[in-house]
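Residue numbers (our numbering): 135 to 614.
Dropping the structure here:
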């Protein structure tokens with residue numbers, strides 16, 4: 135059976151400030167109404183494939199699960215990586231999971247943050263490669279280049295095995311511009327897409343042969359895996375001991391079983407803001423705009439507004455991206471360097487590197503609107519049927535005003551309902567809980583007041599999501 139394996143562990147730091155470490159690009163709607171993860175899942179539905187296996191970061195688990203739920207997907211497994219170890223170990227976890235239920239499973243390995251504009255062409259390439267994968271080839275997909283691109287790795291094709299399918303002769307690192315032009319002119323090179331098609335059993339055999347220490351660590355991690363709600367948790371200690379490497383370096387560059395299928399489908403890895411400019415519809419002056427943007431005499435620029443008006447005049451070849459808490463201005467031809475800014479933010483322990491002003495939680499989200507001495511104001515969204523933990527604060531009281539939806543409030547021994555335009559007061563030191571029993575999102579405004587307003591002022595007594603509970607009821611995990 136063909137099984138999509140979606141890799142959703144990346145960060146996408148070059149797409150800062152929209153992509154953040156705790157809300158990365160694969161979970162964002164960058165090129166349409168759906169997130170990149172949801173788009174990746176949707177393009178597998180025409181392949182007569184089994185339910186997917188999704189491998190994601192522990193920190194993203196609830197957002198990934200919610201996005202899958204939104205598009206009606208029930209994964210065969212949602213595997214949580216205890217730590218990032220690159221693609222080879224991540225695929226090994228999925229392959230070991232599949233081996234337990236289907237020894238003949240064929241994995242279609244897809245990064246969850248790529249854009250494919252021509253889904254039919256993608257499906258046709260998968261169909262061409264599938265017989266070879268079933269017979270034991272480790273197939274990858276090489277994108278037919280349309281320019282001398284220096285931002286991608288390349289694959290040299292060998293002899294043709296069947297129409298549009300070739301022996302994999304060589305992986306080549308990102309070239310300089312003259313070398314890239316030579317690759318384009320030769321017609322023997324394809325862009326390395328990072329997508330693969332292979333039997334799970336064959337991949338594990340080759341990983342065992344080429345990287346035995348990695349294989350041993352992954353096998354030990356999955357042997358000690360535990361099921362937690364809808365998640366599969368590999369043994370953390372075993373997996374952290376695993377060497378980190380990509381599929382290319384660990385397996386594909388060494389195996390004699392490699393093959394490559396040519397793919398011409400409007401592909402992009404959306405690795406930087408310039409990639410979104412390239413694939414989006416541009417105006418007559420070569421500009422791409424998203425959100426509330428006003429332009430005057432601008433050319434060749436990408437401007438994106440998330441929360442307020444962005445106005446520009448007399449600029450060319452710029453990227454301007456605005457969010458509620460940060461603004462990026464960059465030369466469109468140098469946006470690969472945005473990663474250096476993110477590293478600088480991390481070095482300064484700036485929260486903008488990790489979190490948005492809107493913070494997502496398993497029950498919904500919250501956004502800080504005003505923060506001042508002794509008070510702050512938040513906008514809270516609780517998804518239908520969800521509830522926060524039963525909790526208490528030592529240093530702050532809270533006022534809740536319902537904007538829309540219906541709130542079920544627990545305050546000490548009282549449980550009562552609040553409708554739109556109704557409010558309540560939660561005194562300091564009182565146990566309380568907020569829940570949404572309705573069918574639409576609950577939106578409310580929370581005003582906190584007190585001597586200390588940090589998110590670590592919380593004692594959690596009950597939590598349906600099992601987040602870091604301790605016998606005393608105390609937890610350091612951030613909540614609201």
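Yeah, the Cβ is synthetic: ideal placement off N, Cα and C, and Gly gets one too. None of these values were measured; they are calculated from a predicted model.
Check: Name the DSSP beta bridge partners of residue 288, please?
Finding: 306 and 325
Checklist line | Exposure label - residue 614; buried when at least 16 CB within 10 Å | finding: Low confidence applies here, because residue 614 scores a pLDDT of 47, under 50, leaving its location unreliable; read the following figure in that light. Residue 614 should be labelled buried.
Next item on the list: Return helix, strand or coil for residue 385, following the three-state DSSP convention.
Entry: helix
Item checked: One or two residues paired with residue 473 in a DSSP bridge -> Partner(s): none; residue 473 has no beta bridge.
Next item on the list: Give the straight-line distance between the Cα atoms of residue 401 and residue 416, rounded to the nearest whole angstrom.
Entry: 18 Å
Next item on the list: With a threshold of 16 other CB atoms inside 10 Å of the CB of residue 468, please say whether the residue is buried or exposed.
Entry: exposed
Checklist line | Coil, strand or helix - residue 178 by DSSP | finding: coil
Notebook entry, point to check: Count the other CB atoms within 10 Å of the CB of residue 521; is the residue buried (16 or more) or exposed (fewer)?
Noted result: buried
Notebook entry, point to check: What residues in its chain sit with their C-beta under 6 Å from that of residue 432, if we drop five residues either side in the sequence?
Noted result: 421, 446 and 449
Next item on the list: Confirm, please, whether the CB-CB distance from residue 435 to residue 410 is below 7 Å.
Entry: no
Notebook entry, point to check: Contact check, residue 584 vs residue 562 under 8 Å by CB: the rounded distance?
Noted result: 6 Å
Checklist line | Limits of the alpha helix (DSSP H) - the one that residue 352 falls within | finding: 346-357
Next item on the list: Please go through the same chain and pick out, in chain order, the residues whose beta-carbon is closer than 7 Å to the beta-carbon of residue 156, but skip the five residues on each side of it.
Entry: 193, 488 and 489
Next item on the list: Report all residues from its chain with a CB closer than 7 Å to the CB of residue 607; omit the five preceding and five following residues, and keep chain order.
Entry: With a pLDDT of only 34 at residue 607, under the threshold of 50, the placement of this residue in the model should not be trusted; the figure read from the coordinates follows. Taken in chain order, the residues that qualify are 593, 594 and 595.
Next item on the list: Please classify residue 525: does DSSP put it in a helix, a strand, or coil?
Entry: strand
Next item on the list: Could you work out which residue in 495, 550, 505 and 530 is closest to residue 523 when comparing CA atoms only?
Entry: 495
Margin query: Please identify the residue among 342, 518, 380 and 240 whose C-alpha is closest to the C-alpha of residue 334.
Written below: 240
Next item on the list: Return the CA-CA distance between residue 227 and residue 188, expressed in angstroms with no decimal places.
Entry: 10 Å
Next item on the list: Using alpha carbons as the reference points, say which of 221, 529 and 566 lies closest to residue 546.
Entry: 566
Check: Where residue 611 and residue 441 are concerned, what is the direct C-alpha to C-alpha distance, given to the nearest angstrom?
Finding: For residue 611, the pLDDT reaches just 38, beneath the cut-off of 50, and the residue's location in the model is therefore unreliable, although a value from the coordinates is still provided. So the two alpha carbons sit approximately 28 Å from each other.
Checklist line | Bridge partner(s) assigned by DSSP for residue 512 | finding: 502 and 580
Notebook entry, point to check: Between residue 385 and the rest of its own chain, which residues show a CB-CB distance below 8 Å, the 5 nearest in sequence each way excluded?
Noted result: 222, 272, 337, 340, 341, 344 and 345
Next item on the list: Give the C-beta separation of residue 255 and residue 403 to the nearest angstrom, bearing in mind that I take them to be a contact with Cβ-Cβ under 8 Å.
Entry: Between residue 403 and residue 255 the Cβ distance is about 17 Å, and since that is not below 8 Å, they are no contact.
Margin query: Helix, strand or coil for residue 210? Go by DSSP, reduced to three states.
Written below: coil
Margin query: Please state whether the Cβ-Cβ distance between residue 244 and residue 140 is less than 7 Å.
Written below: yes
Margin query: Need the endpoints of the beta strand (DSSP E) that residue 316 sits in, please.
Written below: Taken as a continuous stretch (DSSP letters only), residue 316 belongs to no beta strand (DSSP E), being part of the alpha helix (DSSP H) at 311-320.
Check: Using the rule of at least 16 other Cβ atoms within 10 Å of the residue's Cβ for burial, across every protein chain shown, is residue 507 buried or exposed?
Finding: exposed
Notebook entry, point to check: Pick from 438, 150 and 282: whose alpha carbon is nearest that of residue 310?
Noted result: 282
Notebook entry, point to check: Applying the criterion that 16 or more other CB atoms from any shown protein chain within 10 Å of the CB defines a buried residue, is residue 142 buried or exposed?
Noted result: buried
Margin query: Can you find the residues in the same chain that come closer than 6 Å, C-beta to C-beta, to residue 573, ignoring five residues on each side of it along the sequence?
Written below: 518
Checklist line | Best match in 154, 564 and 225 for proximity to residue 529 [C-alpha to C-alpha] | finding: 564
Check: Grouping DSSP H, G and I as helix and E and B as strand, with all else coil, what is residue 185?
Finding: coil
Item checked: CA-to-CA distance, residue 553 to residue 576, given in whole angstroms -> 10 Å
Check: When you compare only the Cα positions, how much space is there between residue 327 and residue 182?
Finding: 22 Å
Margin query: Whole angstroms are fine: how far does the CA of residue 242 sit from the CA of residue 136?
Written below: 7 Å
Notebook entry, point to check: When we look at the beta-carbon of residue 288 and count the other beta-carbons within 10 Å, is it buried (16 or more) or exposed?
Noted result: buried
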